[in-house]
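Let me begin by presenting the structure, written as structure tokens, before commenting on it.
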Amino acid sequence: MKTYRTTCKIGACEPFCGIEVDVEDGRMVEVRPDPKHPITQGYACIKGMHVADYQNDPDRLLHPEKRGPSGWEPVPWERATSEIGQKLRALRDKHGPGAIATYWGNAADSISITLANTLCHSFGSPNSFNVLSLEYTDRGAVAERMFGNENLILQPDAANAKFALLLGTNPLVTQGMTLLQRRPRIAADFKAIQRAGGKVVVVDPRYTETARVAQQHIAIRPGSDLFLLLGMLQWILSHGMYDKHFVAEHCAGWSDVEGALAGIDLDTVSKVTDVPKAVVTRLAEEFAAADSAFVTTRVGVQTGPNTTLTEWAVQTLNAVTGNIDRPGGVYFNPGAIDVPALIEQFTKRRNPAASRIGNYPQIFGGPPASVLAEDILSDDPERIRALVIIAGNPVITFPNTPRVEKALKRLELLVCVDLYRSDTGSFAHYNLPAATMYEKGTFHFLTSTFEPYPYAEWKPKVVEPRGQARSEWDIIKAIARAAGVPFLNDPLVSGAAKAIESLGFKFTEDLLYRYLLMGKTGLGKLKKASGGVKFSEIKWGEFLRKGLRTNDHKIHLAPSDLIEALGRVLERPPLPTPRYPFLLISGARRTAGYNSWTHNIPALMEKMRGNWATLNPEDAREMDLSEGQTIRITTDVGSLDVEARSSPDIRPGVVSVHQFWGHNYESSTMTSRKYPGTNVNFLHDDRVLDEFSGMPIYNGRPCRIERSRNSTAARVDNPVDTAAHAGPP
């Protein structure tokens, strides 16, 4: 038996907790937390303890398969990649570059992301979609406007803060306050804040696990977080509690912010948020008076109405109180790899065009995924006709599931590169088996800026690939060659790869890693450093001196398009209506689950057993509902029947349904099909999107609830046929 030190990898759970893996006879047999890991220090959640089940899953796809007249047929690798490449090229030549699209999902690593994006752009297409546009691109939109580059994403310094304001985030379950931040021991940080006389405040419609350890919980109305932040800003500004020196020294657009906030009425703020005026003003005063403070949001807010404006208000509040680039506030980690510079270098040949549907800009490498289905279903001759997916499951994760199903059926070519024949893979023409992280080894360089400090870590190969599984590097390289397009969208790289391989050597990912680490450390040294390599501490003040990429090297507080949109939003606050008196939220992650990626692990699935709707007991009593009874939830998109449960932890007028369920397709994941659950995305719209980022609204959607006349919870009513689908006819 041999023991390896590595990290957890189920989906893209951000902490990447350090683990020890025992391997015997080429098989992972046991997993333990790594007490010597410099960042996670012996922490790992229940998901990490079942990595071996994920790796050894008997349901994994172990050979390429192609849809034939009688169903799925095994196909040799060389034939599969050759046919896929030739079909992609033929579609591009006949219909133009826009006919080709790629999508990378939650479980993609840095290499997979790079490969998906560059394959798309090598055809000249701008349609390189990704999962971040469903939950995160608001941050890029704001960072570009305020800091000069979309990749300048700030993270909270919880270890030194005296005041933590958390909106729509439950880090005790998600092990991080903001997407991608690697901070699993957050409970210890909160306790340290409180021991030092500081304060932790959670703003959430649910009384979450994190709210239980905070000093204050504010049960805000879903979707109204922007108004709370605006109320706080107005109070701080009108009472002169902002950091005048910081604003004068480091910010531009101050007078425009003052003008935009002048008309904010705190009585209106209280009405919209359902938070008493006294609570709003007290919160503002405490935040402004703290020696160090940060406000941050996560998916609960990021997938609500006005998400880009809300993120602008978050960073404006951090800025005007002097809490950017100082201990205990928010900061930018320059990382072991200069990610903004790296992305600029590797995207010089990409097609930067906005989305054909909605004219949304590309953020974090592509247009918003929510317009994909409409593009495919359009009658435009330049519509998308081919889609290559790496580690993604759109039919479960995208809004308006019936339209996604219909779009997948219409594609002339759908290729899924994954560990399984996924729910989405059941629609595919080809499913290609990918190797896991443990079967190839990797360096997740694109997350470098989300480490606590400049740090790099090699994740070693510990077992050989199962069956015929291959790395995405080899898969996409073969497809690109068959299509006659440059690998990595770079003719020089493509030529070098052919030359190297003609001499009998392999052109592997290691060559890219060596290039990325040049001048930092050697790849061999990184591989031998089982605890990773720490390059330096955070240098406070350096971001403000050297890191901002705006033309005047100041924080731009008042982007003109955001300020202009603010007025429109103030006139039409997001509120329930007489027709739709409830607000639907889709989230409430459970410790045993991570999106759909843990749904085929029996030990975890036995704990979750699907999903349900959660209501406040007052609402349940008013509707005369008994525990476990089926209810019907209706939005302006459709209706679905789902089991109802009650809990005092959710505020009245709100219904919560866990997302990422609905495994009713002919996938290879037999455990997930045993507990399919209900796909709440049948209720979410793919046409009402954030105007700046194109992100959908999964939280704060108006709905109505009634007792169902059906005893079966999973029934869905929608104009589009939603029957379980076994693939294209």
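Numbering (our numbering), first residue to last: 54 to 782. Positions of the beta carbon are idealized from the N, C-alpha and C atoms, including for glycine.
Tell me whether residue i sits in a helix, a strand or coil according to DSSP, three-state version.
i: asparagine 732; result: coil
i: aspartate 75; result: strand
i: histidine 292; result: coil
i: proline 670; result: helix
i: arginine 58; result: strand
i: proline 781; result: Any answer about proline 781 is weak, because its pLDDT of 33 lies below 50 and its placement is not dependable; what the coordinates show is given next. If DSSP states are grouped into helix, strand and coil, proline 781 belongs with coil.
i: glutamate 492; result: helix
i: tryptophan 125; result: strand
i: tyrosine 508; result: strand
i: leucine 283; result: helix
i: glutamine 415; result: coil
i: aspartate 527; result: helix
i: proline 772; result: Any reading at proline 772 is ruled out, since the residue's pLDDT is 43, under 50, leaving its predicted position unreliable.
i: aspartate 694; result: strand
i: lysine 89; result: coil
i: serine 679; result: coil
i: tyrosine 384; result: strand
i: glutamine 521; result: coil
i: valine 322; result: helix
i: lysine 587; result: strand
i: serine 178; result: coil
i: leucine 628; result: coil
i: phenylalanine 69; result: coil
i: leucine 466; result: strand
So the alpha helix (DSSP H) residue i belongs to, where does it begin and stop?
i: alanine 552; result: 544 to 555
i: threonine 688; result: Run containing threonine 688: none; DSSP gives neither H nor E here.
i: phenylalanine 399; result: 392 to 399
i: threonine 450; result: 447 to 450
i: alanine 240; result: 239 to 248
i: leucine 461; result: 454 to 463
i: valine 441; result: Careful: valine 441 lies outside any alpha helix (DSSP H), inside the beta strand (DSSP E) at 439 to 443.
i: tryptophan 130; result: 130 to 148
i: tyrosine 156; result: Looking at the DSSP string, tyrosine 156 is not in any alpha helix (DSSP H); the run it does join, the beta strand (DSSP E), is 153 to 157.
i: asparagine 371; result: 360 to 373
i: tyrosine 566; result: 562 to 570
i: tyrosine 107; result: 104 to 108
i: serine 725; result: 723 to 727
Considering just the uninterrupted stretch of the beta strand (DSSP E) at residue i, what are its terminal residues?
i: valine 538; result: It is not in any beta strand (DSSP E) - valine 538 carries neither H nor E in the DSSP assignment.
i: histidine 270; result: 269 to 271
i: glycine 753; result: 752 to 760
i: asparagine 183; result: 181 to 183
For residue i, which residues does DSSP report across the bridge?
i: isoleucine 608; result: Cys304
i: methionine 81; result: Val76
i: proline 792; result: A question about residue 792 goes unanswered here, because the residues of the chain that appear run from 54 up to 782.
i: valine 254; result: Leu218, Gln269
i: threonine 349; result: Leu219
i: valine 708; result: Leu637, Leu668
i: glutamate 118; result: Pro127, Asn484
i: serine 649; result: DSSP, once it has assigned bridges, lists no residue as partnering serine 649.
Nearest by alpha-carbon distance to residue i: which of the options is it?
i: alanine 407; options: Leu395, Phe745, Arg760; result: Phe745
i: glycine 201; options: Ala611, Arg145, Asn453; result: Ala611
i: glutamate 504; options: Glu624, Ala460, Glu83, Ile92; result: Ile92
i: methionine 748; options: Ala673, Pro452, Ser308, Thr630; result: Pro452
i: phenylalanine 385; options: Lys599, Arg132, Arg685, Pro129; result: Lys599
i: lysine 462; options: Asn446, Ile429, Arg235; result: Ile429
i: glycine 18; options: Glu67, Val82, Gln208, Ile99; result: No answer is possible for residue 18: the residues shown for the chain start at 54 and end at 782.
i: arginine 80; options: Pro129, Gly101, Asn109, His292; result: Asn109
i: valine 690; options: Val733, Gly715, Leu668; result: Val733
i: leucine 225; options: Leu657, Ser700, Tyr718, Arg643; result: Arg643
i: lysine 592; options: Lys573, Pro380, Val266; result: Pro380
i: arginine 259; options: Ala267, Ile271, Val266; result: Ile271
i: glutamine 208; options: Ala331, Asp309, Trp288, Gly382; result: Gly382
i: isoleucine 410; options: Ser613, Asn180, Ala249; result: Asn180
Within 8 Å (strictly less), CB to CB, does residue i reach chain C?
i: asparagine 371; result: You won't find chain C in this structure, because it holds only one protein chain.
Three or more C-beta pairs below 8 Å linking the stretch 352 to 360 and the stretch 183 to 196: yes
Is the stretch 206 to 226 touching the stretch 333 to 351 in the sense that three or more CB pairs, one from each, lie closer than 8 Å? yes
Hey, is the stretch 508 to 525 in contact with the stretch 474 to 494, meaning 3+ C-beta pairs nearer than 8 Å? yes
Segment contact, 8 Å Cβ cut-off, at least three pairs: the stretch 577 to 590 with the stretch 240 to 254: Short answer: they don't touch.
Counting Cβ pairs closer than 8 Å, one from the stretch 417 to 433 and one from the stretch 730 to 743, do we hit at least three? yes
Flag this pair as touching only if the stretch 147 to 158 and the stretch 500 to 514 have three or more C-beta atom pairs under 8 Å; answer yes or no. no
If you pair each beta-carbon of the stretch 696 to 711 with each one of the stretch 625 to 636, do three or more pairs fall below 8 Å? yes
Would you call the stretch 303 to 322 in contact with the stretch 281 to 293, where contact means no fewer than 3 C-beta pairs closer than 8 Å? A contact exists between the stretch 303 to 322 and the stretch 281 to 293.
With a threshold of 8 Å, are at least 3 pairs of Cβ atoms found where one atom belongs to the stretch 610 to 628 and the other to the stretch 677 to 684? no
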